[in-house]
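Chains as they are written, first to last, in the numbering used here: chain A, 25 to 258; chain C, 6 to 368.
Taking it in order: structure first as structure tokens, then the write-up.
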């Protein structure tokens, strides 16, 4: 199937995977930390943090993209700072696409992980402390492994969201072939052009295959994890 | 030494605890909701007291006046919770050795020793999820023992178990409390467990400690006000004679008096602590004849405690021992009982509370 793809389709597919993987790899550790903090601690600003994380879910994606452009664009305050000091700019390249995808996916990653931490009994963490284990190691040895199915669920959801991200991406980093034109953007472009029906159809089928593959893989992983955690004797 | 003087608040209970007991097994006794677990959580560092100090085996774990508040992981307080709290994703072996590999503690007890003490040989490579409640609780006890604790807290470890499982675990607790070279704080609202396991007793009511000392001292004193249970008198004794023909042993309890009890596996010279319920003692003013009760001992009546009920408590003395009998006020009147009278106590049943063989065996 892979051999029958056109070069521009392969390009879009690989770019989509690159953008989504980078977005997920950067967002996941942050999402796990935030989810744990939200689940275990009550502090002033708890509600604000929670709301800020869910904001991209509520706002129209175009608004999020536009905000990013204003902040991180070539003339934005943060964008200029990054460019001048680190020669780095996310505007109009794949890094910006990954950033947009990561931010849009963030609330979807945090939520299942937080629920998973809620389900881990804090009494186990007390027991760990009474046995001499430092809090950081208790997190790594007890809390995180027990929350892994939720972490995996959040990662899958976030990955799917990142792959399909459209509105914030096109607003922030535009639609540049080979640089920011992911599958969704390529599909949109094909649909917009008068003779793009065949290409559009092919891109659609690629997207569906990818989604089904990701779903089956996650299902398999979650099942194995659960079996290992709750499971049965060796 | 186990020395506590703390004030504080957690949830709805105000805690004001003050006691000092010697090393060994101490029982913290009180009704549900009297603040026992909160006090234990203060000792282990889960709850911070407002003021006061906590000292275990010469180490200050908490002292508000010196700003000492050791974190839980450095206190070396082993904690067996009401529920086992095993780590479900780790094998029994990894749970038992958790303190060693996750807590980086050097542990003097060996895994094999604890495994054989608690009978866990067959469970080591299994996951805890599908084990029985009794097995899980034994693993939790083992895990706490293998954390090299200076004090082992056991918070009603039998509460979540049915009778059969309790009987399965009690002998192990017995061994730990008596033979392990370890201080234990045993939390309970069962007087049976208290008299069986503990050397010291701390009473707690509505968040306050009301009495402390050795079990015999506290139980004999007026510390326990409530009517809900039998008050037991404790008697130290020594097996003087074994009668294999009738399956009885004779236990000398001082002042020339002997109690005969039905107990296998005892040898002459063994030391015993016996326990007698106040409802199992009847009083006679003349030595009774023609009765089936074998244990009739002479005693001196010390004092009479009136209660609101139709019963009275009569305190009697045999040698160094004080025995408490509960009789009706009507009997008191009919027999004309008064302090300093010589009376005869008919003891209907005696249970063995502690048994130490004449040659002690090690842990």
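Ideal placement from N, C-alpha and C gives every residue a C-beta, glycine not left out.
This one's a predicted model, so the numbers in the text were calculated from it and none came from an experiment.
Buried is the label assigned to residue 210/A, since at least 16 other Cβ atoms lie within 10 Å of its Cβ. For secondary structure counted as the beta strand (DSSP E) over 3 or more consecutive residues, the segment 91-160 of chain C holds these complete runs in sequence order: 156-160. Taking 9 Å as the upper bound on Cβ-Cβ separation, chain A lies near residues 130, 131, 132, 134, 135, 145 and 148 of the segment 116-148 of chain C.
Contacts between residue 153/A and chain C, judged by CB atoms closer than 7 Å, involve 77 and 78 in chain order.
For residue 18/C, the closest of 47/C, 9/C, 31/C and 6/C by C-alpha to C-alpha distance is 47/C. The three-state secondary structure of residue 77/C, taken from DSSP, is helix. The distance from the Cβ of residue 204/A to that of residue 193/A is about 7 Å, consistent with a contact at the 8 Å cut-off. In the assembly as shown, residue 110/C is a buried residue. Its beta-carbon has 16 or more other beta-carbons within 10 Å. Taking C-beta atoms under 8 Å as the contact rule, residue 7/C and residue 188/C qualify, at a distance of about 6 Å.
Taking all protein chains in view, the Cβ of residue 280/C is crowded by 16 or more other Cβ atoms within 10 Å, so the residue is classified as buried. Apart from sequence neighbours up to five positions away, the residues of its chain that approach residue 204/C with a beta-carbon distance below 6 Å are 29 and 30, ordered along the chain. Between residue 156/C and the set 356/C, 77/C and 310/C, the nearest pair of CA atoms involves 77/C. Interface with chain C (8 Å Cβ-Cβ cutoff): residue 147/A is included. For residue 242/A, the secondary structure class from DSSP, reduced to helix, strand or coil, is helix. The beta carbon of residue 351/C is closer than 6 Å to those of 287, 298 and 301 in its chain, skipping five residues each way along the sequence. Per the coordinates, the alpha-carbon of residue 186/A lies some 49 Å from the alpha-carbon of residue 112/C.
Non-local C-beta neighbours of residue 140/A in its own chain, meaning closer than 6 Å and more than five positions away in sequence, comprise 171 and 174, ordered along the chain. Contact of residue 157/A with chain C by beta-carbon distance below 9 Å involves 78, 103, 104, 107, 108 and 109. Closer than 8 Å to the CB of residue 84/C there is at least one CB belonging to chain A.
In this structure, the straight-line span from the alpha carbon of residue 119/A to that of residue 43/A is close to 7 Å. Runs of the alpha helix (DSSP H) spanning 4 or more residues and lying entirely within the segment 35-110 of chain A occur at 70-82, 85-96 and 101-110, in chain order. Near chain C, meaning a CB-to-CB distance below 9 Å, no residue of the segment 108-133 of chain A qualifies.
Taking CB atoms only, residue 200/A has no neighbour in chain C less than 8 Å away. In the structure shown, residue 303/C adopts extended strand secondary structure according to DSSP, grouped into three states. Membership of residue 21/C in the beta strand (DSSP E) is indicated by the continuous run 18-26. Per the coordinates, the alpha-carbon of residue 49/A lies some 11 Å from the alpha-carbon of residue 130/A.
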